[in-house]
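Read in order, the letters of the sequence shown are residues 49 to 150 in the numbering used here.
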Amino acid sequence: MAFKSLFLAHTPDAEPEKHRYVIETSKYKLFTVLVRDQNQAVEVCKNLVRGEGIHSIILCPGFTHRAIAEIAETVGENVAVAVARGDGPSSRVSMEVMRREG
49 MAFKSLFLAH TPDAEPEKHR YVIETSKYKL FTVLVRDQNQ AVEVCKNLVR GEGIHSIILC
109 PGFTHRAIAE IAETVGENVA VAVARGDGPS SRVSMEVMRR EG
């Protein structure tokens, strides 16, 4: 059985049913999904935990503490929830690009 992870990222033009991809080996299966907002994020998490048996969720740095808590509560204590965070300079570079791109 493969370890199954979900990576979620925010983007204002996301269509979760369209903007998704799966990378898979015999030991690891990574689902990536782009979401527009917190409601979509919660729904995607709920559906993939139930439907695919996700073990771990990795969230982009754009998720707030409250959003992370809501997702953790939604998926339950048997699913790990982590956040990808960079250091100060890395965060600044990312924010500048996102601001420029809209």
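The C-beta atom is built at its ideal place from N, Cα and C for all residues, glycine as well.
For His113, the enclosing alpha helix (DSSP H) has its first and last residue at His113 to Val123.
In this structure, the CA atom of His103 is about 19 Å from the CA atom of Val83. Counted as a single uninterrupted DSSP element, the stretch harbouring Arg84 is not any beta strand (DSSP E), since DSSP gives it neither H nor E. Taking a 10 Å sphere around the C-beta of Ile71, we find fewer than 16 other C-beta atoms and assign the residue as exposed.
Where Arg140 is concerned, the enclosing alpha helix (DSSP H) starts and stops at Gly136 to Glu149. Taking 8 Å as the cut-off, the Cβ atoms of Ala132 and Cys108 count as close. Counting the other Cβ atoms within 10 Å of the Cβ of Phe111 gives 16 or more, which makes it buried.
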